[in-house]
Amino acid sequence: MKVVLPVAGKGTRLRPHTHTKAKSLVHVAGKTVLEHIIERLQAIDVEEFIFITDENGQQVANFMQSKFPELKCSYLVQKERLGPAHAVALAAPQVSEGDDLLVVFNDTIFVTDLAKIPKLCEDADGLIYSKEVEDYQRFGVNVMRDGYIVDMVEKPDTPISRLAQVGLYYMKDGAGFIRAIEKTIEAGETVKGEYYLPSVFMRMIGEGAKFKAPEIDDWLDCGKPETLLETNRFLLKGRHHIHGEAVNCVLIEPVHIERGAIVRNSIIGPNVSVAAGSRIENSVISNSIINAENKVSNLILEESLLGDSVTLVGSPRRMNIGDHSLIEMDQ
Numbered sequence: 384m385k386v387v388l389p390v391a392g393k394g395t396r397l398r399p400h401t402h403t404k405a406k407s408l409v410h411v412a413g414k415t416v417l418e419h420i421i422e423r424l425q426a427i428d429v430e431e432f433i434f435i436t437d438e439n440g441q442q443v444a445n446f447m448q449s450k451f452p453e454l455k456c457s458y459l460v461q462k463e464r465l466g467p468a469h470a471v472a473l474a475a476p477q478v479s480e481g482d483d484l485l486v487v488f489n490d491t492i493f494v495t496d497l498a499k500i501p502k503l504c505e506d507a508d509g510l511i512y513s514k515e516v517e518d519y520q521r522f523g524v525n526v527m528r529d530g531y532i533v534d535m536v537e538k539p540d541t542p543i544s545r546l547a548q549v550g551l552y553y554m555k556d557g558a559g560f561i562r563a564i565e566k567t568i569e570a571g572e573t574v575k576g577e578y579y580l581p582s583v584f585m586r587m588i589g590e591g592a593k594f595k596a597p598e599i600d601d602w603l604d605c606g607k608p609e610t611l612l613e614t615n616r617f618l619l620k621g622r623h624h625i626h627g628e629a630v631n632c633v634l635i636e637p638v639h640i641e642r643g644a645i646v647r648n649s650i651i652g653p654n655v656s657v658a659a660g661s662r663i664e665n666s667v668i669s670n671s672i673i674n675a676e677n678k679v680s681n682l683i684l685e686e687s688l689l690g691d692s693v694t695l696v697g698s699p700r701r702m703n704i705g706d707h708s709l710i711e712m713d714q
């Protein structure tokens, strides 16, 4: 099997954190989003990881070489912003007849057993992984009949289906899938000038292909700050790891402090991850992600996301307050 990972998006919803780095290299729960995804792909036998990158492609390549040097990777650049289907089509030179293909978009960390793919796809041509959601109006959904997808509707007004597509796709015939994308591009089937995969899948269904929509166990969105913090809370659950230095601190589980981080005279947690090289003093931090090489002192932080090499310094207050006083202060 070959895996296509389109990582060329600009990550505008995560700015300013994506101004200087690829969105797949943003940290959550002590690891980059990409590292979480690659670890989940270890359950299957992957012949090659095909990355579709932008100008930040060298960052991704350097990260993969550092963290996963044993994996075979190739890198192709999407020079024009023509949509996700166009990005996947760029993998064509790496996909041969007989290759099966898994496409993984990197806004999402998925929780599912990929080892079940052969059994799930015994009587189908592909799998469009899905998750049942309440707010179906926000997503593209799969419409099912007798266990197979018969239609795909983008942001439906009525609950024709609650099975949202999660950005994880498996195709038995990888080369045939690429050809279907190329036909869609040749036909000019765009939405607001970009090519999307549902048009490709509906073309294939029209030609007789059968797709199932297995549900994943959990769908962890990493596309914007508030959902990244939610994902941080989910991934830290049951993981209380102190690899760095914590001196005279109160740690409220779960907390993840990486080796090389120093925390002193502070209350940390719950749901806080602190990356290597950071130094925190005299602070109270909860439900936050503190990335690498930060300096934080004399502050109360909650629901916060700090990028790399941030210096954030508050000031202690001195007070002389009499009886029966009421003091209300903003930070």
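If you count the sequence shown from 1, you need to add 383 to reach the working numbering.
All residues carry an ideal CB built from backbone N, CA and C; glycine is no exception.
Only a predicted model underlies this, so the values are computations on that prediction, with no experimental measurement involved.
- Take the alpha-carbon of A644 and the one of T415: they are about 17 Å apart.
- Around E430, the same chain offers K385 as residues with beta carbons nearer than 6 Å, after the five sequence neighbours per side are excluded.
- If you draw a straight line from the Cα of I427 to the Cα of Y578, it is about 29 Å long.
- Put simply, the backbone Cα of K678 is about 31 Å away from that of D437.
- Using a 10 angstroms sphere on the CB of Q448, the tally of other CB atoms stays under 16, which defines it as exposed.
- Taking 9 Å as the cut-off, the beta carbon of F594 is found no closer than this to the beta carbon of L684.
- Rounded to the nearest whole angstrom, the C-alpha separation of E565 and S457 is 21 Å.
- Contact annotation, G697 with S680: C-beta distance approximately 7 Å; criterion of less than 8 Å satisfied.
- By the 16-neighbour rule on beta-carbons within 10 angstroms, T541 is exposed.
- In chain order, Y519, V524, N525, V526, M527, V536 place their CB closer than 8 Å to the CB of S544, counting only its own chain and leaving out the 5 sequence neighbours on each side.
- Its Cα nearest to that of K607, the residue K406 stands out among H624, K406, Y552.
- Residue burial annotation: N631 is exposed, with fewer than 16 other C-beta atoms found within 10 angstroms of its C-beta.
- Taking P539 as the centre and dropping the five residues before and after it, the same chain places the C-beta of Y519, Q520, V524 closer than 7 Å to its C-beta, in chain order.
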